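Going by our numbering, the final residue of the sequence shown carries number 131, and the count climbs one at a time with no gaps. Each remark here refers to the structure printed beneath this line.
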Amino acid sequence: EWKWDNITMDFVTKLPKSSQGYNTIWAIVDRLTKSAIFTPIRETDPMDKLARIYLKEVVTRHRIPVSIISDRDPRFASNFWRSLQNALGTRLDMSTAYHPETDGQSERTI
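Encoded structure:
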């Protein structure tokens, strides 16, 4: 297992809007080292924008992850996100509702 092979991600939503209009934090955590990326986004940002952020912040700086654990947020369950990760060869694992221990790394980091 290598750094950034297995990551978790979650959104911190309903935050006060910043002067740039951001109201959400996207937390992406490496399960091995516990290092994290916190990226401000807008809750309404489209998936193509989130994909560009992901490619810039994770893939170009670290590597293509082997697996991503996330909750069942509609953004992570979308066909676009699933197709992107499938094309990259990344396995998507969704945690089940009321079982945050599956996605506990990003939940604890937040």
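Virtual Cβ for every residue (Gly too), placed ideally from N, Cα, C. Remember, it's a predicted structure, so these values are computed and weren't measured experimentally.
Whose CA, out of the options, lies closest to the CA of residue i?
i	options	result
R152	S56, R52, S40	There is no way to answer for residue 152, as the model of the chain reaches only from 22 to 131.
I49	Y43, W25, M68	W25
L109	M115, F101, S116	F101
K38	V79, T65, N27	T65
K70	D51, L105, R82	L105
V3	D94, L53, H83	In the structure as shown, the chain begins at 22 and stops at 131. Residue 3 is therefore absent and cannot be evaluated.
V87	R96, R112, F97, K77	R112
V79	K35, A98, A57, M68	A57
My guess is that residue i and residue j are in contact by the Cβ rule of under 8 Å, so how many angstroms apart are they, rounded?
i	j	result
D114	I90	5 Å
I46	F59	5 Å
Just mark residue i as buried or exposed, buried being the case when its beta carbon has 16 or more other beta carbons within 10 Å.
i	result
T29	buried
N27	buried
R82	exposed
S116	buried
R103	exposed
In the DSSP output, what is residue i paired with across the bridge?
i	result
N27	S88
V50	T29, A57
T45	I62
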